[in-house]
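Colleague: Chains as they are written, first to last, in our numbering: chain E, -7 to 299; chain Z, 5 to 379; chain D, 108 to 386. First the structure, then my questions, so here it is.
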């Protein structure tokens, strides 16, 4: 094929070629675009709009009430408790599951054998049905027949009613949340650790770095930057979305002590059928998630990528 | 007291023997190039000397001190890695300063935040900054001190790696193929600079490369390594002209030395394809005659019959590629530019004093210039 | 000093610590299986024996299998996850390729929309979708469970990143060979998308098998219940008394994904890690 014709075939330069490419592009993205509009864009906009109405399922009419839902939210003690609980939950689960996963990752990565085994063990909760595992935890933490309290009884301590006492319920759920989240973060950290070039560790050693801590500071931690950032963002968002264990184990109780945002959204929308109100809470939820994402891209992203 | 002493070092990885009892001495101030094909064990040996790998047996001495059981941080070696291994989050100045920070500051003085306030820290850090700047200037990096590695070219990164290595005047200087990631033109220029740096630093330098030309041009002595063993250690001209092993002869020199299967008659005279070569030897068995392309010439009275196949024009010479007339053995001649290039069948003569003979085991065998053997 | 990295603790100590932590981590599983094999009175005695006395009983499993349409629920899970994955790939692979490699009007807007979509958790459109489904009578159907997840902006994003890394020469060579755009997608792109598709598939199946929020909203009654919902129903119907049976049911519903994971471990982990790192 003469040079000129070959060059033409690389990128359709002819109008017919370009039109063919455009058409192909539009056709290939058509199903995705349609479903995006129908299943994502429209409902999201509808949810945003709903937040400003008084819609209730089965109600004959729907009325625009502006910011009334949000005004009610500001006064709603139940919502405030839910928001506070969610933030406390995230405040416990996120740091603990991130730090814990990092520590585990460092330990596992330093082994010469058995890495895959330990990785599998800690990753198991990620692929396990949360509802089922929550039920297993309920048995474990049962005040009378559960093994945890049985063990405590054996050493003379009276264990609390972990999931039914308002003092300990959020803590217990947070503990379960850490258990569920660590494996996921662990895998991400392991991937990040193995991506650090071996020679960098060697260079540090030759440069005179003796203690593990200093090598961590000089090589591991800086190069783990992008991974850590991603893990932090993902963990924050996943823990804000906690729902399953609350829905299964405590239904927000006792006395709203374990009520979290998503559960409130659910009850307002589908137990009380106050869809407009629920939508307003969902909007607050969305704002929180967006804020977390913004934190990643604006504040930390640049500091963490070295080119 | 040698700069670097390697004594009978062995290293196995599972069932693979990477180093089979390797010994080598590098004198203080000497530049020794360790050369061999990929997988021959040279990088493993370098790592054992640096302290990054532990040998299964043998000893390593640096400046007379037995460091076999010491970790890399406690040996007084500096190393330049093939990938440069620069800390991507640190500036050029900070990269260069790391070895000094590690050696001159105490752990307390190195603490984050607090360390800078520790007594003695300010003065020490100032001295470190000056020394790092000096090392950087010596390598032409003075204007780039605040840049990060990602903002530098390959050649500049390599200089930073060099600066980091020389900044603390080490006793032993190790370089692991530092030029292999550079493009050809830069490589040639940087070779000279590295030799200059070596002279200035004055340490014992062990330089690993797979490029035999690099080894020949840069080193005081060349050590040829193959299959986990060092085959020969000699000055560049002796390695080139007097290889003691067939493998050394074929590895060193470009284009590759010609290896021609020859036989010894009962009277010791050597023949190739039945024709006498005017050489004799007491050795027996399957012998190989090795001749460098520049030691061959097209000559109608020569003893070797060949067929010409291809010509390569190199500018300063011509390479004539062909085969022996009665075997498939390839043969290459280097001819001066402007020579008349033979076509088809032609005869080859050689300088007998440049001929090398190797026995069936690849070892150097004695050669006599005679029609029959004067054994 | 095997690789020059001195560790303060010898490897044996580290193995011990990890082993202990690992064992603690596995407690829920161990106790779940243990309780599922114990008769009720033994459970209520709250002994600390993991191994059931007298070798244990399969009564709990028998009861669950008799009372609960286990296969039906598992099948529902398979249909839902499979259906979702099928459509997700069907829509996202071509779209991801088009956005990555083709030039067409609106392409950059589309990519922007994808990025925006990544920010919105699925709970936001869930409410209006529920209302809409309720109006058209789609509640309690497979459609309700599958349709909302059919659009996965994450999948489009992932495939776009993946295809962007695919060398252009591959497509140029196909064009020179005379293939039209559709053939290129079918013959060149799809086969090459397999690694990314596998990684995503694992991610998607795990996410949807385990999902509770949407099935809880979209489905009432047992016909179309997913495994997650099945456990929820069983709990309320058991009033939390027969822990043995409850544990057996939990074990049964959890087993498929866990077993799949144990068999194809590396795939799972790589899948999550690569989708994570690309995201």
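The beta-carbon is built from N, C-alpha and C at its ideal position, and this holds for glycine as well. Treat the numbers as computed from the prediction; the structure is a model and nothing was measured.
#1: Three Cβ pairs or more, each shorter than 8 Å: is that satisfied between the segment 71 to 90 of chain Z and the segment 184 to 198 of chain E?
#2: Could you give the first and the last residue of the continuous alpha helix (DSSP H) run that contains residue 46 of chain Z?
#3: Specify the secondary structure class of residue 259 of chain E as computed by DSSP and reduced to three states.
#4: Strictly below 7 Å CB to CB, what residues from chain E border residue 263 of chain D?
#5: By a C-beta neighbour count over all protein chains shown, 10 Å radius and 16 as the cutoff for buried, is residue 232 of chain Z buried or exposed?
#6: So with CB distances below 9 Å, who are the chain Z contacts of residue 214 of chain E?
#7: So which residues of chain Z does residue 200 of chain E contact, with C-beta pairs closer than 7 Å?
#8: By alpha-carbon positions, which one of Z:279, Z:322, Z:115, Z:161 ends up nearest to residue 340 of chain Z?
#9: Kindly indicate if chain C contains any beta-carbon less than 7 Å away from that of residue 191 of chain E.
#10: Find the nearest neighbour of residue 325 of chain Z within the set Z:313, Z:168, Z:332, judged by alpha-carbon distance.
#11: From the DSSP secondary-structure annotation, give me the bridge partner or partners of residue 15 of chain Z.
#12: Let me know if residue 101 of chain Z comes out buried or exposed under the rule of 16 or more other beta-carbons within 10 Å of its beta-carbon.
#13: When DSSP builds the beta bridges, which residues end up paired with residue 66 of chain Z?
#14: What does DSSP give as the partner residue(s) for residue 275 of chain Z in the beta ladder?
#15: Please check if any C-beta of chain D sits within less than 7 Å of the C-beta of residue 13 of chain E.
#16: Any beta carbon of chain E sitting closer than 7 Å to that of residue 56 of chain Z?
#17: Closest to residue 372 of chain D by CA distance: which of D:306, D:340, D:138 is it?
#18: Scan the segment 92 to 120 of chain E for residues whose Cβ lies nearer than 9 Å to a Cβ of chain D and list them as they occur along the chain.
#19: Under 7 Å between beta-carbons, which chain D residues line up against residue 236 of chain E? List them in chain order, please.
#20: Given this structure, state the Cα-to-Cα distance separating residue 26 of chain E from residue 198 of chain D, to the nearest angstrom.
#21: Can you tell me whether residue 183 of chain D is buried or exposed, with buried defined as 16 or more other CB within 10 angstroms of its CB?
#22: Can you look up residue 213 of chain Z in the DSSP assignment and give me helix, strand or coil?
#23: Return no unless some Cβ of chain Z is closer than 7 Å to the Cβ of residue 197 of chain E.
#24: What does the alpha-carbon distance come out to for the pair residue 200 of chain D and residue 222 of chain D?
#25: Applying the criterion that 16 or more other CB atoms from any shown protein chain within 10 Å of the CB defines a buried residue, is residue 154 of chain E buried or exposed?
#26: Step through the CB atoms of chain E and report whether any lies within less than 7 Å of the CB of residue 416 of chain D.
#27: Residue 61 of chain E and residue 283 of chain E - do their beta-carbons sit closer together than 7 Å?
#28: Helix, strand or coil: how does DSSP classify residue 125 of chain E here?
#29: Evaluate residue 196 of chain Z with the Cβ neighbour count: other Cβ atoms within 10 Å of its Cβ, from every protein chain shown; 16 or more gives buried, anything less gives exposed.
#30: Roughly how many angstroms separate the alpha carbons of residue 233 of chain E and residue 81 of chain E, rounded to a whole number?
#31: Going straight from the alpha carbon of residue 97 of chain E to that of residue 166 of chain E, what length do you get?
#32: Residue 84 of chain E by DSSP, collapsed to three states: which one?
#33: How would you list, in chain order, the residues of chain E whose beta-carbon sits under 8 Å from the beta-carbon of residue 85 of chain Z?
#34: I'd like to know if residue 283 of chain E contacts chain D, where contact means its C-beta is closer than 7 Å to some C-beta of that chain.
#35: Measure from the alpha carbon of residue 342 of chain Z to the alpha carbon of each residue in Z:355, Z:166, Z:316, then state which is nearest.
#36: State yes or no: is the beta carbon of residue 56 of chain E nearer than 7 Å to at least one beta carbon in chain D?
Modeller: Here's the rundown:
#1: yes
#2: For the purposes of this step, residue 46 of chain Z is taken as residue 42 along the second chain, with counting starting at 1. First-last of the alpha helix (DSSP H) with residue 46 of chain Z: 46 to 54.
#3: Counted from its first residue, the first chain places residue 259 of chain E at position 267. Residue 259 of chain E falls in the helix class under three-state DSSP.
#4: Stepping through the third chain from its first residue, residue 263 of chain D is reached at position 156. Per Cβ cutoff of 7 Å: 24.
#5: Within the second chain, the letter at position 228 stands for residue 232 of chain Z. It is buried - the Cβ of residue 232 of chain Z has at least 16 other Cβ atoms within 10 Å.
#6: As a working note, residue 214 of chain E is residue 222 in the first chain. Near residue 214 of chain E (Cβ distances below 9 Å), the residues of chain Z are 91, 92, 93, 94.
#7: To locate residue 200 of chain E, count along the first chain from 1; it is residue 208. Result: 77, 103, 106, 107.
#8: Residue 340 of chain Z sits at position 336 when you count from the first residue of the second chain. Residue 340 of chain Z has its Cα closest to that of Z:322, out of Z:279, Z:322, Z:115, Z:161.
#9: Within the model displayed, chain C is absent; protein chains E, Z and D are what it includes.
#10: Residue 325 of chain Z sits at position 321 when you count from the first residue of the second chain. Minimum Cα distance to residue 325 of chain Z is reached at Z:313.
#11: For the purposes of this step, residue 15 of chain Z is taken as the residue at position 11 of the second chain. The partner list for residue 15 of chain Z (beta bridge, DSSP) reads Z:23.
#12: Residue 101 of chain Z sits at position 97 when you count from the first residue of the second chain. Burial call: buried.
#13: Counted from its first residue, the second chain places residue 66 of chain Z at position 62. Partner(s): Z:8, Z:69.
#14: On the second chain, position 271 is the one that residue 275 of chain Z refers to. Note: residue 275 of chain Z sits in a beta bridge opposite Z:267, Z:280.
#15: Your numbering for residue 13 of chain E matches position 21 in the first chain. True, the Cβ-Cβ gap to chain D drops below 7 Å.
#16: Here the question's residue 56 of chain Z lines up with position 52 in the second chain. Yes - at least one Cβ of chain E is within 7 Å of the one on residue 56 of chain Z.
#17: Along the third chain, read from residue 1 onward, the residue named residue 372 of chain D stands at position 265. Ranking D:306, D:340, D:138 by Cα distance to residue 372 of chain D puts D:306 first.
#18: 96, 99, 100, 102, 103, 104, 105, 106, 108, 109, 110, 111, 112, 113, 114, 115, 116, 117, 118, 119, 120
#19: Position 244 of the first chain, counting from 1, holds the residue named residue 236 of chain E. Ordered by position in chain D, the residues that pass the 7 Å Cβ test against residue 236 of chain E are 319.
#20: Counted from its first residue, the first chain places residue 26 of chain E at position 34. Counted from its first residue, the third chain places residue 198 of chain D at position 91. So the two alpha carbons sit approximately 10 Å from each other.
#21: In the third chain, residue 183 of chain D corresponds to position 76, counting from 1. Buried is the call here.
#22: Counting from one through the second chain, the residue named residue 213 of chain Z turns up at place 209. Strand at residue 213 of chain Z.
#23: Against the first chain, residue 197 of chain E aligns to sequence position 205. Taking Cβ atoms only, chain Z reaches closer than 7 Å to residue 197 of chain E, which makes this a yes.
#24: As a first step, residue 200 of chain D must be located in the third chain, where it is residue number 93. As a first step, residue 222 of chain D must be located in the third chain, where it is residue number 115. So the two alpha carbons sit approximately 16 Å from each other.
#25: Translated into the one-based positions of the first chain, residue 154 of chain E becomes position 162. Buried, by the Cβ-count rule.
#26: Outside the shown range of chain D (108 to 386) lies residue 416 of chain D, about which nothing can therefore be said.
#27: In the first chain, counting from the first residue as 1, residue 283 of chain E sits at position 291. In the first chain, counting from the first residue as 1, residue 61 of chain E sits at position 69. Not in contact: residue 283 of chain E and residue 61 of chain E (Cβ atoms no closer than 7 Å).
#28: Working through the first chain from its first residue, we reach residue 125 of chain E at position 133. Helix.
#29: Within the second chain, the letter at position 192 stands for residue 196 of chain Z. Exposed is the call here.
#30: Against the first chain, residue 233 of chain E aligns to sequence position 241. Against the first chain, residue 81 of chain E aligns to sequence position 89. C-alpha separation (whole angstroms): 11 Å.
#31: Numbered from its first residue, the first chain carries residue 97 of chain E at position 105. Numbered from its first residue, the first chain carries residue 166 of chain E at position 174. For residue 97 of chain E and residue 166 of chain E, the distance between alpha carbons rounds to 21 Å.
#32: Against the first chain, residue 84 of chain E aligns to sequence position 92. Residue 84 of chain E falls in the helix class under three-state DSSP.
#33: What you label residue 85 of chain Z is simply residue 81 of the second chain in a count that begins at 1. Near residue 85 of chain Z (Cβ distances below 8 Å), the residues of chain E are 191, 194, 195.
#34: Here residue 283 of chain E corresponds to residue number 291 of the first chain, with the count starting at 1. Taking Cβ atoms only, chain D never reaches closer than 7 Å to residue 283 of chain E, which makes this a no.
#35: On the second chain, position 338 is the one that residue 342 of chain Z refers to. The option with the nearest alpha carbon to residue 342 of chain Z is Z:316.
#36: Position 64 of the first chain, counted from the first residue, corresponds to residue 56 of chain E. False, the Cβ-Cβ gap to chain D never drops below 7 Å.
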